[in-house]
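**Student:** Quick note, the sequence shown lines up with residues -1 to 90 if you use my numbering.
All C-beta atoms in this analysis are idealised placements derived from N, C-alpha and C, irrespective of residue type, glycine included.
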Amino acid sequence: YIEDLDRLVRRAKSIAFAERQPDFWIKTAKLEKEAKAALTYAPQIRVDPRNYLDLLRQESPFEDDDLPEESRPDVPAQSPHQAPPDEPPSDA
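Dropping the structure here:
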């Protein structure tokens, strides 16, 4: 997730730099492209602060038993987005 944000910021900086150049222009075909529909937002399960603090105070490390029963199969483990063409793909 952080990797995606870092890549997004770097890409935005490179675009902002390019826009300041005198020969910057946008291809008409790019303006006519339609974006894919955004994924729907599903709020996460609320955490009880007391239970969370109790878990933090435990001396033993967290185990899988400490995780909530409900799993989120709709949340991908890796980013579904591809790296920009000027950036090598990450092997995370």
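Can you tell me the Cα-Cα spacing of Tyr(-1) and Ser77, whole angstroms?
**Tutor:** Translated into the one-based positions of the sequence shown, residue -1 becomes position 1. Translated into the one-based positions of the sequence shown, residue 77 becomes position 79. Spanning the two alpha carbons is a distance of roughly 7 Å.
**Student:** Skipping 5 residues on each side, what residues in its chain have a beta carbon closer than 7 Å to that of Asp2?
**Tutor:** One-based indexing of the sequence shown puts residue 2 at position 4. Correct list, in chain order: Ser77 and His79.
**Student:** Helix, strand or coil: which one does DSSP assign to Arg44?
**Tutor:** Residue numbering aside, residue 44 sits at position 46 when the sequence shown is read from its first letter. Residue state, collapsed to three classes: coil.
**Student:** In the DSSP assignment, the alpha helix (DSSP H) including Ala10 goes from what residue to what residue?
**Tutor:** As a first step, residue 10 must be located in the sequence shown, where it is residue number 12. Ile0 to Glu17 is the extent of the alpha helix (DSSP H) around Ala10.
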